[in-house]
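K.L.:
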Amino acid sequence: MKRKVLIILLLIVGLFIFTGCGEKDPSKKIMNSLEDKGYTFDVIYYATGTTKYFLSKDSISITRESNSNGENEYYYSDSKVNDEYANIYGKDLNESDEEKEQYESYKDWLAKNELNKDKIIDLFEYYEKSLKK
Numbered sequence: 035m036k037r038k039v040l041i042i043l044l045l046i047v048g049l050f051i052f053t054g055c056g057e058k059d060p061s062k063k064i065m066n067s068l069e070d071k072g073y074t075f076d077v078i079y080y081a082t083g084t085t086k087y088f089l090s091k092d093s094i095s096i097t098r099e100s101n102s103n104g105e106n107e108y109y110y111s112d113s114k115v116n117d118e119y120a121n122i123y124g125k126d127l128n129e130s131d132e133e134k135e136q137y138e139s140y141k142d143w144l145a146k147n148e149l150n151k152d153k154i155i156d157l158f159e160y161y162e163k164s165l166k167k
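Numbering (our numbering), first residue to last: 35 to 167.
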């Protein structure tokens, strides 16, 4: 009898794991949260093979630029700070004072939204895959 109960419990647990109780992909949860805050996602395909993915709201824009070689670059800009863009990979990759200001604004934005660089990268990958479905 105990063995049958154990087998049934294992089957139930296995079923929950297999069907994925809750969010399967944390990026979907982040996407929904940002959309609830008024952010929008967009994409532009260029004939050169470059694709630009955007996350934006008001003065803030985060861009993923993908080229035909599969290389990606990520940039952040808040037009209230200045007209430059910051590379999100690190402050040292931003040479001018304006780019460094943008990078500091980016870090503040991440903290405000309880995100980090890796979650942003995963979010854009999730968005790209969702367009192909």
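All residues carry an ideal CB built from backbone N, CA and C; glycine is no exception.
Please tell me whether T84 and S100 are closer than 8 Å, where the distance is taken between their beta carbons.
P.N.:
The answer is yes: Cβ separation under 8 Å.
K.L.:
Here's the rule I'm using: 16 or more other beta-carbon atoms within 10 Å means buried, otherwise exposed. How should S139 be labelled?
P.N.:
Result: buried.
K.L.:
Please report how far the alpha carbon of D142 lies from the alpha carbon of N106, in whole angstroms.
P.N.:
C-alpha separation (whole angstroms): 23 Å.
K.L.:
Where do the N-terminal and C-terminal ends of the alpha helix (DSSP H) with L89 fall, by residue?
P.N.:
Run containing L89: none in the alpha helix (DSSP H); it sits in the beta strand (DSSP E), T85 to K91.
K.L.:
Go ahead and pull the three-state DSSP assignment for I122.
P.N.:
Coil.
K.L.:
Among R98, K134 and D126, which one has its Cα closest to the Cα of V115?
P.N.:
Nearest C-alpha to V115: K134.
K.L.:
Out of F75, D131 and S102, which one is the CA nearest neighbour of I94?
P.N.:
Checking every option, the nearest Cα to that of I94 belongs to F75.
K.L.:
Using the C-alpha atoms, what's the distance from K58 back to F52?
P.N.:
In this predicted model, F52 has a pLDDT of only 48, less than 50, meaning its place in the structure is not dependable; the value taken from the coordinates is given anyway. Taking the straight line joining both Cα atoms gives about 10 Å.
K.L.:
Can you tell me whether S111 is buried or exposed, with buried defined as 16 or more other CB within 10 angstroms of its CB?
P.N.:
Classification of S111: buried, given that the 10 Å Cβ count is 16 or more.
K.L.:
Just the C-alpha distance for I154 and E69, rounded to the nearest angstrom, thanks.
P.N.:
For I154 and E69, the distance between alpha carbons rounds to 14 Å.
K.L.:
Evaluate N150 with the Cβ neighbour count: other Cβ atoms within 10 Å of its Cβ, from every protein chain shown; 16 or more gives buried, anything less gives exposed.
P.N.:
Its Cβ having fewer than 16 others within 10 Å, N150 is exposed.
K.L.:
Give every residue of the same chain whose Cβ lies closer than 8 Å to the Cβ of S183, excluding the five residues on either side of it in the sequence, and list them in chain order.
P.N.:
Since the first and last residues shown for the chain are 35 and 167, residue 183 lies out of range.
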